[in-house]
Every structure is written in C-alpha cells, then in structure tokens.
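Some notes on the structure that comes next.
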Ligand code: NDP
Ligand code: MG
C-alpha cells in the first residue's frame, strides 16, 4: 500500500491524481489540501476518507470543519495546515500539485520529513532548486517529476545512469498563438489565451503555455532535476504534443517518450516508479497521425522564454523575480487589469528593479517574492 498526501487536490493535477488512485486499490489518500474550493474538497474527503484535510483560507476551513462534523477527518488551515498535510506521518509520498510559489515551504518540509515527492509544482523548483536539490540528496528521498516533459526525460534516462547526456530536447506545443506576430498578440484576451490546443490544465499554466513562460519555467526545472547546464537544454516546438521530450546521449543517439497528451501517465509513473501500471485511455494510432512536426521557437515573439534562460543563467534571486512577476502579472491579466503583452513587461520591469541576491536563503526567496509584488503594484501597469 502506498500512502499519499495530495497538496492541490482540487486542481487539474490533483483531480487527475485522484482518478489514478481510483484505478489502483493499493493507493491510499492520507491528506488532501486546497486553497478554498471546499465543495470539491468535501466530496473528495467523503470519497477518499483521508485523516487530514487542509483548506488554506481560514474562513473556508471553518465552514468545511463544520460540514465534516459527522466524520473523523481533521480539518486544518493556513500555511500551518498545508505543512501539516505535507509532513503527515502516515504518508509515504507527497504530490506537489498546488500552483505557484506557495508550494516551496510545504515541499521543503515534506523532504525534511523523509517523504518522496511527486512534483508538478514547478514554481517551487524554479525559485528554490538550489535549496531543494541538496536537501533531496542529503535525505535520500525521491524527487519524481510529474510535469509531462520532465517525466518524459526521466523515462528516457531510466537505465542510462552511467551514460553522458549531451543535450536535453524539451518539447513545447507552441500554444494557441504559435506563428503569431507581436502585433497580433496585442489584443489577446484571457478567453483567447485560455484555449490550449492540446492540454486541459489550470488557468495559470494555460496562460503560461500561451506566453511560453511555462517553457521557460520548465527549462529551469530541468536544470535542477537533471543537473544539466542551460546550454545543454534546447527547446523544440512540437505542435501535436506527441513527443513529450527527448534526451540525446554523447554517441548522438536520441531517446524520446511519446504518447497521447494525458497527464495521468506521468502522474502514475511518478507514483509507481520504476513500475508501470495499466492505464485506461486513448492510445496513439500512427495510421491516423498526419504528421509529427518539429520547429524552433520564435524567441522574438515569445520573449518570455528568452528572458527565462537569462534569469536561469544569472541564478540567485533572478528566477524568483521572474516567477513572482509572472504570477502577479498572470493574475492581473486574468482579472482584466493588464494587457497580454503587459505580462512580459512586468517580468522585465521586476528583473530590472528588484535587488539581486546571489545565494538566497528561503527567507530571502520569500522576501524577494514580496518585494517583486510591491514593485509591480507601485508601477503604472
Ligand atoms: P490548478 O489551478 O488547476 O489547481 C491548483 C491547485 O492548487 C488547486 O487545488 C488549488 O486549490 C490549490 N492551491 C492554490 N493555492 C493554494 C494555497 N495557497 N494553499 C493550498 N492549495 C492551494 O493548477 P494545475 O493543477 O493546472 O497546476 C498545478 C501545478 O502543476 C502548477 O505548478 C502547474 O504548473 C503544474 N503542472 C500542471 C499541469 C497540468 O496539466 N495541469 C502540467 C504540468 C505541470 P483551490 O481549487 O481551492 O483554488
Ligand atoms: Mg509541462
């Protein structure tokens, strides 16, 4: 029996993780956490009967506590509750599926408590990879990627431990605006950017995919997960989202992982690694595929990807500023308070205004997040 704590259980990754749990009787949920969606959390709590449920927003937590009075399920709240869910003694593995930097502290605490981590929450590694990776090494826990590209790379690297990687080829769909000019992006509205051609995901990552900031975050995530320098990570646009990523070895041989776009596969791979389990769903039918095409990303139109490489190479607090500015800007864009191209402008402004620290502690990362928000709130967007 494998025991899970799922942070972000009401989101796209969280609900798909629970559907994997439904298909596998040897998975048991011990804790669930979300921000405020208590209607879904209540349903999940009644179905999966965890020991603990955490609701980040305190008022909503009170309401849920009242609703679950007839059960033995404990309800916790706030960051304390999130950490409680992350370190709950009954769990072996924590699924990091919250969105944004809020995942940093619970992930670090879970690692310290000796839990394996199935990580979807890329923002955590982007900002705190330099703290997390040494901790993973020290504690000996497994850090298992859930992001589809990183899972693909992880699958390609399986059994290749003694061999040298010469390049990581990180694939990108190119999003809904592939082939657009900057001029065409000027009037993009949230409802346009929320339409991803191949994947159905949470709102923030869908916007990030459309700007290719998501790919930038994934480049930084790959740098930490696979310990490769930035000049060995290449982004390749693969519009059909069939090749999930590739690894080139020093003899020139390239391994790729392919499949239909279905996040349940990387989730299940992380949960059962190194085993594979039967998984329902569509299979690739090569006789029906018209093409698998590959192209270079347009770094002039999708500047966010280029800026991400620069921020990643600079290191220190630069990835945190990049990420926090993007989180702020995407939220403003979704509320209709910022233009689409304003997202990249926010990132640029923050990177040139927020003070830089070379080796940031956890406190410095969290302070830098605050500072980034402060800087952006004070400018006329
Ligand atoms: P969603 O927006 O669908 O879900 C986010 C989840 O996080 C929800 O359960 C939400 O709760 C919870 N949450 C947000 N803030 C807090 C908080 N302060 N405390 C506790 N829980 C919180 O996002 P996704 O599932 O799409 O993405 C999650 C992560 O996985 C992101 O980092 C994303 O980049 C990554 N990822 C996602 C993929 C996908 O296919 N969706 C693919 C690859 C990576 P509530 O519902 O109450 O708001
Ligand atoms: Mg991805």
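In this note's numbering, the protein residues as written are 105 to 485. Glycine included, C-beta positions come from ideal geometry on N, C-alpha and C. Remember, predicted model here, so these are calculated numbers, not experimental data.
Residue range 446-457 is occupied by the alpha helix (DSSP H) that includes residue 447. In this structure, residue 324 has its CB at a distance of at least 7 Å from all heavy atoms of ligand 1.
The criterion of a C-beta distance shorter than 8 Å is satisfied by residue 257 and residue 272.
Fully enclosed beta strand (DSSP E) runs of no fewer than 3 residues occupy 247-249 of the stretch 227-256, in order along the chain. With a cutoff of 7 Å, residue 303 counts as near ligand 1, since its C-beta is closer than that to a heavy atom of the ligand.
Excluding five sequence positions before and after residue 412, the CB atoms of its chain that fall closer than 7 Å to its own CB belong to 317, 320, 321, 323, 324 and 426, given in chain order. Look at residue 253: its beta carbon is less than 7 Å from one of the heavy atoms in ligand 2. The continuous alpha helix (DSSP H) containing residue 125 extends over residues 116-127.
In the assembly as shown, residue 266 is an exposed residue. Its beta-carbon has fewer than 16 other beta-carbons within 10 Å.
Boundaries of the beta strand (DSSP E) harbouring residue 222: 220-223, taken from the DSSP string.
Residue 122 is classed as buried because its beta carbon has at least 16 other beta carbons within 10 Å across all chains shown.
Distance from residue 400 to residue 458 at the Cβ level is roughly 31 Å; contact not present, criterion being Cβ atoms closer than 8 Å. Looking only at 466, 436 and 111, the smallest Cα-Cα distance to residue 294 is reached by 436. Distances taken from the Cβ of residue 360 to the heavy atoms of ligand 1 include none shorter than 7 Å.
In the structure shown, residue 275 adopts extended strand secondary structure according to DSSP, grouped into three states. Counted as a single uninterrupted DSSP element, the alpha helix (DSSP H) harbouring residue 191 occupies residues 182-191. In the DSSP assignment, residue 288 falls within the alpha helix (DSSP H) that extends over 286-289.
According to DSSP, residue pairing for residue 483 in a beta bridge does not occur. Closest option to residue 420, judged by alpha-carbon separation, among 469, 246 and 161: 469. For the pair of segments examined, the stretch 108-117 was found to touch the stretch 301-308: the number of CB pairs separated by less than 8 Å reaches three.
For residue 442, same chain residues with a beta-carbon under 8 Å away, outside a window of 5 residues either side, are 433, 436, 450 and 485 in chain order.
Annotated three-state conformation of residue 266 is coil, per DSSP. Shown here for residue 136: same chain residues with a beta carbon closer than 6 Å to its own, the five before and five after excluded, namely 110, 113, 148, 154 and 157 in chain order.
Here the alpha carbon of residue 245 sits roughly 9 Å from the alpha carbon of residue 217. For the 8 Å CB-CB criterion, residue 299 and residue 353 do not form a contact.
Comparing alpha carbon positions, the residue from 292, 264, 260 and 220 closest to residue 243 is 220.
Where residue 332 is concerned, there is no enclosing alpha helix (DSSP H), because DSSP gives it neither an H nor an E. Short of 7 Å from the beta carbon of residue 337, and not among the five residues preceding or following it, lie these beta carbons of its own chain, in chain order: 272, 274, 323, 326 and 327.
In this structure, residue 309 has its beta carbon less than 7 Å from a heavy atom of ligand 1. Contact check for residue 182 and residue 162: beta-carbon distance about 6 Å, within the 8 Å limit, so the pair qualifies. Here the distance from the Cβ of residue 338 to the nearest heavy atom of ligand 1 is not below 7 Å.
Taking a C-beta distance under 8 Å as the contact criterion, residue 207 and residue 431 do not qualify as a contact pair. The straight-line gap separating the alpha-carbon atoms of residue 285 and residue 339 is approximately 19 Å. Note on geometry: alpha-carbon atoms of residue 410 and residue 282 lie some 16 Å from one another.
Contact between residue 159 and residue 142 holds: CB atoms are separated by about 6 Å, below the 8 Å threshold. Counting C-beta pairs with one atom in each stretch, the stretch 194-203 and the stretch 220-229 have three or more that are closer than 8 Å, which means they touch.
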